[in-house]
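Some notes on the structure that comes next.
There are 2 protein chains.
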Amino acid sequence: MDEIAEAAEKLKLLGDKTRLTILCLLKDREWCVCELVDVLSISQPGISQHMRKLKSHGIVNESRRGQWVYYSLRIQDKPYIQAVLDYMPGTAGTLSLLNKKEPGQCCN
Amino acid sequence: MDEIAEAAEKLKLLGDKTRLTILCLLKDREWCVCELVDVLSISQPGISQHMRKLKSHGIVNESRRGQWVYYSLRIQDKPYIQAVLDYMPGTAGTLSLLNKKEPGQCCN
DNA sequence: ATATCATATAATTATATGCTTATATACTTT
DNA sequence: AAAGTATATAAGCATATAATTATATGATAT
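Protein sequence lines correspond, in order, to chains A and B.
Taken in order, the first sequence gives residues 929 to 1036; the numbers are from our numbering.
Taken in order, the second sequence gives residues 929 to 1036; the numbers are from our numbering.
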């Protein structure tokens, strides 16, 4: 697959409101699935499926700790994704767009 | 629509191989529809529909001159789109990915 | 006016996408 | 081992998307 096709595939992943929101939340810290469920208006399997796509394209890291699964950004080697996220709100700004507070203690 | 939703909508436009290729071709000069048809493996109505989407989101300018319609980038005010395209090939590199030469004199 | 060329729109179709509910897997605690 | 909690997978459905073909619009030239 050529350079353009590969970039298009990644950009398509960013081109979904829910996924882009997740990536914005991940800008400042890792999040576990239960926290994302708390904050986004979508079911747990919905979150899970989005994370699988992001993971399969190498955009997030997965880390199982105890019964929880934490996701974090993995975009050091993906400059144009970094560039996009640089122009997007971080955790706090995204939460306020969602009219949500930092999720409580669902995982610890 | 909030900031994230709006960005997602624009990124979705970039997340299609054909459209992203068109934007890469437009990096260095304007192109008319007939040239794009020459170079991309897609029908003329296909091109037309992609250009309409790009135009309706303000990503390209349209300029009718004679019987031809020329499109050019309009991304000065869209920094993250600029950033993405900065990492993508320009006209020449894109043509070589497509195994095509500069289109001949279809419009003049 | 008519013919020709360039582009746009409409209608259709096949496929992809995002979501939901139901169920399975994995880990932890008792 | 059994129950409880967190996450993942599967199946199904509704909508969106990108392509095609057919047709309409618009501009130019004879």
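Virtual Cβ for every residue (Gly too), placed ideally from N, Cα, C.
- Contact between A/Ala933 and B/Lys945 holds: their C-beta atoms lie close to 5 Å from each other, under 8 Å.
- One thing to note: A/Leu1025 has its Cβ within 8 Å of the Cβ of B/Glu931.
- Proximity to B/Ala936 across A/Leu941, A/Arg992 and A/Ala936 peaks at A/Leu941, based on C-alpha coordinates.
- Taking 8 Å as the CB threshold, A/Tyr999 stays off the interface with chain B.
- In terms of beta-carbon proximity, B/Ile932 lines the interface with chain A, with at least one pair separated by less than 8 Å.
- Taking CB atoms only, B/Gly986 has no neighbour in chain A less than 8 Å away.
- Sequence-distant Cβ neighbours of B/His985 in its own chain, meaning closer than 8 Å and more than five residues away, are Glu937, Lys938 and Leu941.
- Residue B/Ile987 holds the alpha-carbon nearest to the alpha-carbon of B/Glu958 among B/Pro973, B/Ile987 and B/Lys981.
- One finds Ile932 in chain B with Cβ atoms closer than 7 Å to the Cβ of A/Cys952, taken in chain order.
- Between A/Leu948 and A/Tyr999, the C-beta gap is not smaller than 8 Å, which leaves the two residues out of contact.
- For A/Tyr1008, there is no enclosing beta strand (DSSP E); the enclosing alpha helix (DSSP H) has its first and last residue at Pro1007 to Asp1014.
- Rounded to whole angstroms, the gap between the alpha carbons of B/Lys983 and B/Leu951 is 12 Å.
- For the set B/Asn989, B/Val967 and B/Pro1017, the Cα lying nearest the Cα of B/Asp1005 is the one of B/Asn989.
- Contact annotation: B/Val967 and B/Pro1031 have beta-carbon atoms nearer than 8 Å.
- Within chain B, the residues Ala935, Leu939, Tyr1008, Ala1011 and Val1012 have their CB atoms less than 8 Å from the CB of A/Val1012, given in chain order.
- Membership of A/Ser971 in any beta strand (DSSP E) is not indicated, and neither H nor E is assigned to it by DSSP.
- Comparing alpha carbon positions, the residue from B/Ala1020, B/Tyr1015 and B/Arg993 closest to B/Cys1035 is B/Arg993.
- Here B/Arg957 carries a coil assignment [DSSP, helix/strand/coil].
- Distance check between A/Cys960 and each of A/Asn1027, A/Ser976 and A/Tyr1015 places A/Ser976 closest, using alpha-carbon atoms only.
- The bridge partners DSSP lists for A/Ser991 are A/Tyr998.
- For the region 944-968 of chain B, the set of positions with a beta-carbon nearer than 9 Å to some beta-carbon of chain A reads Asp944, Lys945, Thr946, Arg947, Leu948, Thr949 and Cys952 in chain order.
- 8 Å or more divides the Cβ of A/Tyr1015 from the Cβ of B/Tyr1015.
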